[in-house]
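*Asks:* Under our numbering, the first residue of the sequence shown carries the number 13, and numbering increases by one thereafter.
The beta carbon of each residue, even a glycine, is placed where N, CA and C say it ideally should be.
Just dropping this structure here.
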Amino acid sequence: MNSWPGTPYPLGATFDGNGTNFALYSEAADKVELSLFDDDQNETRIELIEVDAYVWHAYLPTIQPGQRYGYRVYGEYDPKSGKRFNPSKLLLDPYAKATCGQIDWDQSLFAYNFGDPDSENNDDSAKHMMHGVVINPFFDWAGDRAPNIPYAESVIYEAHVKGLTELHPGIPENLRGTYGALAHPVVLDHLKKLGVTAIELMPVHQFVNDSTLQQKGLTNYWGYNTIGFFAPHNEYSSTGDLGQQVQEFKGLVRAMHDAGIEVILDVVYNHTAEGNQLGPTLSFKGIDNAAYYRLVDATPEFYMDYTGTGNSLNVSNPHSLQMIMDSLRYWVTEMHVDGFRFDLAAALAREFYDVDKLAAFFELVQQDPIVSQVKLIAEPWDVGPGGYQVGNFPPLWTEWNGQYRDTVRDFWRGEPSTLGEFASRLTGSADLYEHDGRRPVASINFVTAHDGFTLRDLVSYDSKHNEANGENNNDGTNDNRSYNFGVEGPTDDAAINALRSRQQRNFLSTLLLSQGVPMVLHGDELGRTQNGNNNTYAQDSAISWVHWDTADQGLFDFTAALVRLRKEHPTFRRSRFFDGRPVVRGEGEPLPDIVWLQPDAAVMSPTDWDSGFGRAIAVFLNGNGIHGRGTRGEAITDRNFLILFNAGDDPVTFMIPPDEYAAFWEIVVDTVGEQADSHARAAGSAIPVEGKSMLVLRAHTPTEAEAEADHSVAASLAPPPSSPSVASPPIPKP
């Protein structure tokens with residue numbers, strides 16, 4: 013086959029409209045062969061002669077998109093010294109833009125014989141290995157533009173490509189579970205009605221299904237087992253895996269952007285699917301093991317493992333860092349995604365041993381003109397020593413706030429001594445993020461995520477029920493901070509079901525009205541259950557999928573109304589932290605931007621915070637001077653709000669504060685569903701708040717336009733699985 017020298021950049025297989033340039037980095041290799049495969053699995057090998065700066069390259073003028081390929085890399089096989097070259101193992105290009113097929117876990121994929129780790133296996137793995145695919149990079153974006161939604165206006169929706177769409181009756185069966193399904197009008201319509209601004213997709217980088225799971229009849233459903241950092245996962249394609257998956261994914265992004273929704277990817281750069289010294293040789297191990305992986309210094313046969321998966325990517329090596337940065341830029345520039353959520357991001361900060369926020373990875377991101385401009389969300393922990401790093405990432409970054417999740421769960425289940433921390437979490441977690449100049453939006457707030465209970469299960473189960481995972485219920489966390497209201501799992505008790513429904517509304521109301529950026533788990537707005545399974549990583553089944561046929565429409569309406577309330581009122585999405593602490597004001601002095609109140613309307617004192625037993629509290633949010641834009645883009649000046657929380661079991665009577673806060677108030681959220689919009693309340697009047705409930709009051713300013721307003725936040729009164737929306741009457745003028 014005709015082969016020209018080609019160029020060392022860009023890495024990977026690059027089709028230019030005529031032929032294809034191939035380039036592979038390996039510093040320690042002695043020889044590299046490019047293997048091309050036809051439809052009958054016949055292999056043609058081409059030695060790459062040209063080497064520049066450890067990049068082996070060639071240009072093949074006849075190779076077109078759809079061509080399947082891999083590499084065979086020659087060198088020393090000496091695992092004791094960290095060298096694992098073996099040309100009998102076909103290797104996936106780390107820069108492959110698409111992959112064809114899946115591995116089958118045949119013995120030939122391993123460089124040793126099963127049962128004898130010190131042996132060398134030279135069986136050819138080509139017939140059992142996935143292939144890289146040359147893609148056509150050209151796509152009609154039709155003027156696609158990124159929504160570029162500010163963090164403060166963002167509402168994130170964490171979703172799984174298959175889980176969200178597999179059971180949707182409005183999607184053709186041949187399309188369900190794919191990128192095309194996510195781009196279907198019924199999904200886009202759901203997201204737009206809900207009001208979310210970004211969909212955060214669980215891993216779509218090409219990943220591998222674990223053999224141990226397959227032996228149990230399970231699969232790696234979540235996808236945190238990446239093997240290709242440039243390739244969209246081929247099994248999520250409805251059109252084929254010879255490059256069609258790339259076109260389909262781009263179509264998904266274009267459709268989301270047309271709907272005004274950003275696309276954020278959950279990315280796993282901390283480890284790969286090759287595992288530890290007993291794992292298969294699929295790509296990086298056989299290309300340049302020591303460059304791509306953190307090896308144990310004294311015994312380089314073994315891998316450092318900060319992730320609990322067997323290996324950790326070597327972020328102290330410039331070529332590994334280059335691959336990460338090239339991947340990030342590729343997904344932004346070529347695939348048009350709008351941001352990334354970094355799985356176990358603390359592992360990327362371990363340039364040497366400790367987590368270091370000045371590590372080279374963060375410096376590269378900071379100065380990169382492309383990557384630094386998109387949303388960057390850290391999961392701020394790993395499993396290594398000192399790995400819990402909430403609040404410690406650099407100023408450019410936002411973080412999943414695990415402390416928000418834990419505190420809000422504890423508060424609403426009635427744990428003592430939570431008022432002070434609950435106040436910090438509700439107001440943006442200044443204690444975590446203000447010290448390095450970050451704003452409230454640095455906190456990605458969530459109550460539930462893919463890892464753990466769904467919202468429905470959080471109020472229905474005290475304990476996990478992971479028996480279907482095949483690990484005797486030993487997997488998954490035991491620290492759920494959940495409350496089942498007296499019965500484990502489903503019940504016919506109407507009173508318990510009503511409490512569970514109310515508690516779901518409490519969590520959603522708290523989440524969507526907190527300072528910071530809220531993240532909703534897919535299906536929580538519909539009352540989705542996983543039957544108490546809090547670790548569905550292996551459940552590509554009805555346990556994990558969204559059951560649209562049993563969706564709680566009332567809960568959806570309630571959630572959408574909360575999102576709308578948040579959007580209409582910038583008071584709930586301030587750009588700066590509050591500075592009003594519990595203070596004693598002089599007569600005539602202006603109200604602080606925030607005031608915490610006891611149920612009797614007295615201002616909270618330091619001893620009140622320290623009492624340890626308080627479960628009821630009110631917060632006044634001063635909207636004076638807060639400016640923003642409404643749902644139609646109109647400029648608005650916000651009004652004052654008063655939120656009444658009662659996490660106890662018994663009703664509490666709150667006193668509305670004096671008229672300096674506002675002369676009249678209207679109830680716009682009542683998680684019990686009985687009082688919202690019933691009539692305006694005057695300053696100084698009493699208002700009952702049921703146990704395990706909250707009210708949101710807005711300063712009432714009667715206008716003609718307001719009489720026609722849609723006050724629908726008080727929806728969702730009946731228990732799951734079905735609860736009708738409740739229309740609200742207009743507010744009479746006082």
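Put Phe434 into one of helix, strand or coil per three-state DSSP.
*Replies:* Walking along the sequence shown from the start, residue 434 turns up at place 422. Helix, per DSSP.
*Asks:* Does Gly819 come out as helix, strand or coil in the three-state DSSP assignment?
*Replies:* Absent from the model: residue 819. The displayed extent of the chain is 13 to 746, so no value can be given.
*Asks:* Using DSSP's beta-bridge definition, name the partner residues of His217.
*Replies:* As a first step, residue 217 is located in the sequence shown; it is residue number 205 there, counting from the start. DSSP lists Pro244 as partners of His217.
*Asks:* Looking only at its own chain, which residues have a Cβ that is under 6 Å from the Cβ of Thr32, when we skip the five neighbours before and after it?
*Replies:* Reading the sequence shown from its first residue, position 20 is the one you call residue 32. Within the same chain, Thr32 has close Cβ partners Ala25, Leu72, Ile75 and Val146.
*Asks:* Is the number of C-beta pairs between the segment 238 to 246 and the segment 96 to 116 that are closer than 8 Å three or more?
*Replies:* yes
*Asks:* What are the boundary residues of the beta strand (DSSP E) that includes Arg512?
*Replies:* By one-based count along the sequence shown, residue 512 stands at place 500. From DSSP, Arg512 is part of no beta strand (DSSP E) but of the alpha helix (DSSP H) over Ala506 to Leu524.
*Asks:* Got a sec, what are the start and stop residues for the beta strand (DSSP E) Asn658 sits in?
*Replies:* Here the question's residue 658 lines up with position 646 in the sequence shown. Start and end: Phe653 to Asn658.
*Asks:* I want to know whether the segment 649 to 660 touches the segment 684 to 698 - three or more CB-CB distances under 8 Å.
*Replies:* no
*Asks:* Below 8 Å CB to CB, which residues in the same chain sit around Gln53 once its five sequence neighbours on both sides are set aside?
*Replies:* Here residue 53 corresponds to residue number 41 of the sequence shown, with the count starting at 1. Same-chain partners within the cutoff: Ala138 and Lys139.
*Asks:* Ordered along the chain, which non-local residues of its own chain (more than five positions away) have a Cβ less than 6 Å from that of Ala35?
*Replies:* In the sequence shown, counting from the first residue as 1, residue 35 sits at position 23. Cβ within range, chain order: Pro20, Leu23, Val67 and His69.
*Asks:* Where does Ala721 land, buried or exposed, given buried means 16+ other C-beta within 10 angstroms?
*Replies:* The residue you call residue 721 lines up with position 709 of the sequence shown. Below a pLDDT of 50, predicted positions are generally treated as unreliable, and Ala721, at 47, falls in that range; no measurement from the model is reported.
*Asks:* Start and end of the alpha helix (DSSP H) containing His331?
*Replies:* Residue numbering aside, residue 331 sits at position 319 when the sequence shown is read from its first letter. Element bounds for His331: Pro330 to Thr345.
*Asks:* Which residue's Cα is closest to the Cα of Ile336: Gln415, Asp394 and Thr284?
*Replies:* Start at 1 with the first residue of the sequence shown, and residue 336 comes out as number 324. Ranking the options by Cα distance to Ile336, first place goes to Thr284.
*Asks:* Look up Thr74 in the DSSP assignment and say whether it is helix, strand or coil.
*Replies:* Taking the first residue of the sequence shown as 1, we reach residue 74 at position 62. The answer is coil: DSSP assigns Thr74 none of H, G, I, E or B.
*Asks:* Between Asp448 and Pro618, what straight-line distance do the alpha-carbon atoms span, to the nearest angstrom?
*Replies:* Counted from its first residue, the sequence shown places residue 448 at position 436. Counted from its first residue, the sequence shown places residue 618 at position 606. Spanning the two alpha carbons is a distance of roughly 26 Å.
*Asks:* Suppose you measure from the CA of Ser724 to the CA of Phe568; what does that come to, to the nearest Å?
*Replies:* Position 712 of the sequence shown, counted from the start, is the residue given in the question as residue 724. Position 556 of the sequence shown, counted from the start, is the residue given in the question as residue 568. Unreliable positioning characterises Ser724 in this predicted model, as indicated by a pLDDT of 48, which lies under 50. The coordinate reading is nonetheless provided below. In a straight line, the C-alpha of Ser724 is about 12 Å away from that of Phe568.
*Asks:* So what's Pro618 in DSSP terms, helix, strand or just coil?
*Replies:* Along the sequence shown, read from residue 1 onward, the residue named residue 618 stands at position 606. Reduced to three states, the DSSP call for Pro618 is helix.
*Asks:* Looking at Tyr107: is its Cβ nearer than 9 Å to the Cβ of Phe242?
*Replies:* Reading the sequence shown from its first residue, position 95 is the one you call residue 107. Reading the sequence shown from its first residue, position 230 is the one you call residue 242. Yes, they are a contact pair.
*Asks:* Name the two residues that bound the continuous beta strand (DSSP E) containing Phe666.
*Replies:* Against the sequence shown, residue 666 aligns to sequence position 654. Here the beta strand (DSSP E) through Phe666 covers Val664 to Met667.
*Asks:* Would you mind listing the alpha helix (DSSP H) stretches within the segment 239 to 285 that are 4+ residues and don't spill past its ends, in chain order?
*Replies:* Listed in chain order, the complete alpha helix (DSSP H) runs (minimum 4 residues) inside the segment 239 to 285 are 256 to 270.
*Asks:* Quick one: what's got a C-beta closer than 6 Å to Val167's C-beta in the same chain, skipping five residues either side?
*Replies:* Here residue 167 refers to the residue found at position 155 of the sequence shown. Same-chain partners within the cutoff: Val208, Thr209, Pro530 and Val575.
*Asks:* Check for me: the beta strand (DSSP E) holding Asn33 runs from which residue to which?
*Replies:* Here residue 33 is taken as the residue at index 21 of the sequence shown, counted from 1. Note, Asn33: beta strand (DSSP E), Thr32 to Tyr37.
*Asks:* What does DSSP give as the partner residue(s) for Thr649 in the beta ladder?
*Replies:* Taking the sequence shown and counting its residues from 1, the one referred to as residue 649 is at position 637. Answer is His639, bridged to Thr649.
*Asks:* Given 8 Å as the limit, is there contact between the segment 401 to 408 and the segment 489 to 504, that is, 3 or more CB pairs closer than that?
*Replies:* no
*Asks:* Going by CA-CA distance only, name the one from Asn413, Gly464, Trp557 and Asn543 that's closest to Gly528.
*Replies:* Position 516 of the sequence shown, counted from the start, is the residue given in the question as residue 528. Gly528 has its Cα closest to that of Asn413, out of Asn413, Gly464, Trp557 and Asn543.
*Asks:* What residues match up with Arg57 in a beta bridge as DSSP calls it?
*Replies:* As a first step, residue 57 is located in the sequence shown; it is residue number 45 there, counting from the start. In the DSSP output, where bridge partners are listed per residue, Arg57 has Ser47.
*Asks:* Kindly indicate which three-state DSSP category Gly144 falls into: helix, strand or coil?
*Replies:* Walking along the sequence shown from the start, residue 144 turns up at place 132. Per DSSP, reduced to three states, the secondary structure at Gly144 is strand.
*Asks:* Terminal residues of the continuous beta strand (DSSP E) containing Asn490?
*Replies:* Stepping through the sequence shown from its first residue, residue 490 is reached at position 478. Run containing Asn490: none; DSSP gives neither H nor E here.
*Asks:* Ignoring anything shorter than 3 residues or poking outside the segment 91 to 145, list the beta strand (DSSP E) runs there in chain order.
*Replies:* Those beta strand (DSSP E) runs which fall completely within the segment 91 to 145 and span 3+ residues are 143 to 145.
*Asks:* Counting C-beta neighbours from all protein chains within 10 Å, is the total for Val386 16 or more, i.e. buried, or is it exposed?
*Replies:* Against the sequence shown, residue 386 aligns to sequence position 374. Result: buried.
*Asks:* Going by alpha carbons, who is nearest to Glu39 out of Asn14, Tyr86 and Pro77?
*Replies:* Taking the sequence shown and counting its residues from 1, the one referred to as residue 39 is at position 27. Comparing C-alpha distances from Glu39 to each of Asn14, Tyr86 and Pro77 shows the shortest one belongs to Tyr86.
*Asks:* Asp350 and Arg266 look like a contact to me (Cβ under 8 Å); what is the Cβ gap, rounded to whole Å?
*Replies:* Against the sequence shown, residue 350 aligns to sequence position 338. Against the sequence shown, residue 266 aligns to sequence position 254. With a Cβ gap of about 12 Å, Asp350 and Arg266 do not count as contacting.
*Asks:* Tell me which same chain residues have a C-beta within less than 6 Å of the C-beta of Lys101, skipping the five on either side of it?
*Replies:* Stepping through the sequence shown from its first residue, residue 101 is reached at position 89. Here the set comprises Ser137, Thr293 and Gly298.
*Asks:* Taking one C-beta from the segment 552 to 571 and one from the segment 483 to 490 each time, how about it: are there three or more such pairs within less than 8 Å?
*Replies:* no
*Asks:* Which runs of the alpha helix (DSSP H) fall wholly inside the segment 142 to 217 and span at least 4 residues, in chain order?
*Replies:* 173 to 177, 191 to 194 and 197 to 206
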